[in-house]
Ligand code: GLN
């Protein structure tokens with residue numbers, strides 16, 4: 378930890394609190410919408426799920442304009458600052474029990490995350506010149522994300538359900554405010570990153586020209602985004618189908634206490650905190666290419682669903698399934714996530730053409746956004762086809778996609794001519810001396 382730049386910890390805490398507010402809101406949004414008490418809207422489950430899918434999808438899809446705005450006009454740092462302001466306003470408006478303000482708040486949050494999320498990741502990438510260090514930096518950053526999510530799912534859910542939904546929403550707002558304060562205060566440690574617009578200020582209207590290698594790199598990223606879409610479509614069953622499965626068909630009793638179905642989701646963040654370092658150390662000792670790691674991540678999420686198939690078979694046999702199936706599935710999903718998500722962030726910040734890093738980050742997050750929407754649709758299919766077929770289908774699609782990517786990983790890696798980037802003087806160093 379000591380040999381990481383101080384700026385990493387500013388970005389770590391900013392993103393930790395931003396995720397705290399997002400996952401906290403997400404944890405109670407559906408419950409609030411269907412609730413008939415404490416100011417809930419009393420919607421049907423289907424209506425609530427549709428809004429949830431649209432909201433969580435749009436949050437990430439908005440990363441495309443967020444990334445483009447950073448690339449063309451604001452630069453990452455100012456974009457994060459603006460995103461943070463929108464988020465503070467949005468989360469506090471959520472705390473006011475008024476329906477019009479509720480929709481405005483959701484729009485502000487969608488816009489705010491679109492501005493903040495891809496660009497803060499770009500800034501983390503800029504802190505490093507060496508790829509191994511950058512990978513490690515992103516793992517640490519990813520732990521911050523999950524620490525935020527873990528704390529939120531435990532605290533905001535509890536406050537919202539016990540004392541009232543709007544108290545939960547305002548707790549999310551205070552979290553975001555803390556994140557913004559950290560970011561503003563920490564500017565002194567971020568002078569050299571997030572300004573990448575400066576370099577191009579001399580030729581502001583010039584069109585971005587890509588070299589043939591750059592074009593190939595963009596193409597490879599495009600292919601990877603497809604696998605990433607498959608990964609998240611499987612993974613995001615967590616808040617939908619897997620939670621419903623836990624609720625309806627799983628014997629959740631542990632030492633006489635019935636574990637609430639929603640709490641299963643904190644297994645993911647908890648496993649990340651436990652295994653993040655172990656997975657990082659595992660990869661640090663090997664020379665596996667990032668593309669192979671992402672392929673392995675996609676295979677792992679597929680294998681995770683083998684346990685859900687086991688659960689569904691057990692249920693067909695004896696009427697319910699045991700808790701350990703879900704725990705094992707979440708464990709493998711988390712290991713897969715650790716192979717794909719921080720690795721992708723780090724890889725994009727390395728190989729995307731410098732003028733397009735923000736846009737590529739945006740494209741990456743939007744792939745995950747579309748996956749959120751797709752995940753909801755796949756989950757709904759279980760009503761017709763049954764859980765067993767859906768889980769089995771996800772095994773097949775994820776393992777196949779991962780295996781094909783693994784097969785071509787060497788070829789794709791070659792196409793990117795990645796080694797050149799390790800040898801070259803990184804732009805972030807060049808820009809640091811200019812600014
Ligand atoms: N859990 C991660 C985060 O919140 C991944 C999100 C994503 O890529 N869709 O940042």
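In our numbering, the protein residues as written are 378 to 812. In this text, a Cβ means the ideal position worked out from N, Cα and C, and glycines have one as well. Treat the numbers as computed from the prediction; the structure is a model and nothing was measured.
Nearest candidate by alpha-carbon position, reference residue i, set the options
{"i": "residue 606", "options": "511, 533, 672 and 483", "result": "672"}
{"i": "residue 551", "options": "536, 386, 739 and 398", "result": "398"}
{"i": "residue 393", "options": "525, 590 and 562", "result": "525"}
{"i": "residue 506", "options": "663, 415, 570 and 769", "result": "570"}
{"i": "residue 813", "options": "451, 533, 400 and 417", "result": "Nothing in the structure corresponds to residue 813, since the chain is present only between 378 and 812."}
{"i": "residue 776", "options": "426, 677 and 731", "result": "677"}
{"i": "residue 601", "options": "557, 452 and 667", "result": "667"}
{"i": "residue 702", "options": "459, 626 and 723", "result": "626"}
{"i": "residue 453", "options": "415, 647, 490 and 420", "result": "490"}
{"i": "residue 743", "options": "492, 519 and 515", "result": "492"}
{"i": "residue 459", "options": "661, 554, 749 and 599", "result": "554"}
{"i": "residue 773", "options": "630, 416 and 686", "result": "686"}
{"i": "residue 432", "options": "418, 391, 390 and 481", "result": "481"}
{"i": "residue 417", "options": "475, 451 and 450", "result": "475"}
{"i": "residue 424", "options": "757, 653 and 766", "result": "757"}
{"i": "residue 706", "options": "623, 659, 633 and 420", "result": "623"}
{"i": "residue 593", "options": "696, 516 and 729", "result": "729"}
{"i": "residue 719", "options": "390, 478 and 521", "result": "521"}
{"i": "residue 500", "options": "628, 749, 723 and 657", "result": "723"}
{"i": "residue 749", "options": "436, 630 and 629", "result": "436"}
{"i": "residue 631", "options": "738, 477, 700 and 461", "result": "700"}
{"i": "residue 790", "options": "766, 733 and 665", "result": "665"}
{"i": "residue 568", "options": "382, 531 and 760", "result": "382"}
{"i": "residue 737", "options": "591, 628, 760 and 761", "result": "591"}
{"i": "residue 548", "options": "426, 467, 768 and 477", "result": "467"}
{"i": "residue 461", "options": "391, 426 and 696", "result": "391"}
{"i": "residue 733", "options": "419, 426, 427 and 450", "result": "450"}
Residue i and residue j closer than 8 Å at C-beta
{"i": "residue 488", "j": "residue 546", "result": "no"}
{"i": "residue 792", "j": "residue 595", "result": "no"}
{"i": "residue 698", "j": "residue 786", "result": "no"}
{"i": "residue 715", "j": "residue 649", "result": "yes"}
{"i": "residue 798", "j": "residue 727", "result": "yes"}
{"i": "residue 429", "j": "residue 402", "result": "no"}
{"i": "residue 557", "j": "residue 484", "result": "no"}
{"i": "residue 566", "j": "residue 384", "result": "yes"}
{"i": "residue 445", "j": "residue 456", "result": "no"}
{"i": "residue 572", "j": "residue 731", "result": "no"}
{"i": "residue 518", "j": "residue 646", "result": "no"}
{"i": "residue 513", "j": "residue 721", "result": "no"}
{"i": "residue 434", "j": "residue 747", "result": "yes"}
{"i": "residue 674", "j": "residue 603", "result": "no"}
Any non-hydrogen atom of the ligand ADP within 7 Å of residue i CB
{"i": "residue 718", "result": "Absence of the ligand ADP from the depicted structure is noted, with the ligand GLN being the only ligands included."}
Through-space distance from residue j to residue i, alpha-carbon basis
{"i": "residue 539", "j": "residue 508", "result": "46 Å"}
{"i": "residue 689", "j": "residue 704", "result": "14 Å"}
{"i": "residue 612", "j": "residue 717", "result": "11 Å"}
{"i": "residue 751", "j": "residue 610", "result": "6 Å"}
{"i": "residue 380", "j": "residue 794", "result": "28 Å"}
{"i": "residue 388", "j": "residue 691", "result": "45 Å"}
{"i": "residue 614", "j": "residue 796", "result": "37 Å"}
{"i": "residue 781", "j": "residue 529", "result": "37 Å"}
{"i": "residue 404", "j": "residue 396", "result": "12 Å"}
{"i": "residue 579", "j": "residue 502", "result": "Any reading at residue 579 must be qualified, since the residue scores a pLDDT of 46, below 50, and its modelled position is unreliable; the value itself is stated next. Cα to Cα, the separation comes out at about 24 Å."}
{"i": "residue 735", "j": "residue 448", "result": "6 Å"}
{"i": "residue 469", "j": "residue 753", "result": "28 Å"}
{"i": "residue 725", "j": "residue 779", "result": "19 Å"}
{"i": "residue 810", "j": "residue 511", "result": "Because residue 810 sits at a pLDDT of 32, beneath the cut-off of 50, its placement in the model cannot be relied upon, and the following sentence gives the value as read from the coordinates. Roughly 20 Å between the two C-alpha positions."}
{"i": "residue 694", "j": "residue 533", "result": "38 Å"}
{"i": "residue 415", "j": "residue 636", "result": "23 Å"}
{"i": "residue 541", "j": "residue 588", "result": "56 Å"}
{"i": "residue 654", "j": "residue 515", "result": "11 Å"}
{"i": "residue 763", "j": "residue 421", "result": "21 Å"}
{"i": "residue 386", "j": "residue 659", "result": "23 Å"}
{"i": "residue 586", "j": "residue 740", "result": "19 Å"}
{"i": "residue 784", "j": "residue 656", "result": "22 Å"}
{"i": "residue 599", "j": "residue 634", "result": "47 Å"}
Short CB-CB distance (under 8 Å) between residue i and chain B
{"i": "residue 622", "result": "This model lacks chain B altogether, as it is built from one protein chain only."}
- prompt: Do the segment 494-502 and the segment 432-452 make contact, defined as three or more Cβ pairs closer than 8 Å?
  reply: yes
- prompt: Looking at C-beta atoms only, is the number of pairs between the segment 706-719 and the segment 681-689 that lie closer than 8 Å three or more?
  reply: yes
query: Okay, do the segment 635-642 and the segment 615-622 touch, 3+ Cβ pairs below 8 Å being the bar?
result: yes
- prompt: Can you list the alpha helix (DSSP H) stretches of 4 or more residues lying completely in the segment 576-641, in chain order?
  reply: List check, alpha helix (DSSP H) in window: 589-612 and 620-626.
In chain order, each alpha helix (DSSP H) run of at least 4 residues that lies wholly inside the segment 489-549: 508-540
message: Pairs of beta-carbons, one from the segment 409-416 and one from the segment 555-568, closer than 8 Å: are there three or more?
response: For the pair of segments examined, the segment 409-416 was found not to touch the segment 555-568: the number of CB pairs separated by less than 8 Å stays below three.
- request: Taking only runs that begin and end inside the segment 666-720, name each unbroken alpha helix (DSSP H) of 4 or more residues, in chain order.
  value: 667-695
- prompt: Along the chain, which unbroken stretches of the alpha helix (DSSP H) at least 4 residues long are found entirely within the segment 393-474?
  reply: 422-438, 440-446 and 452-471
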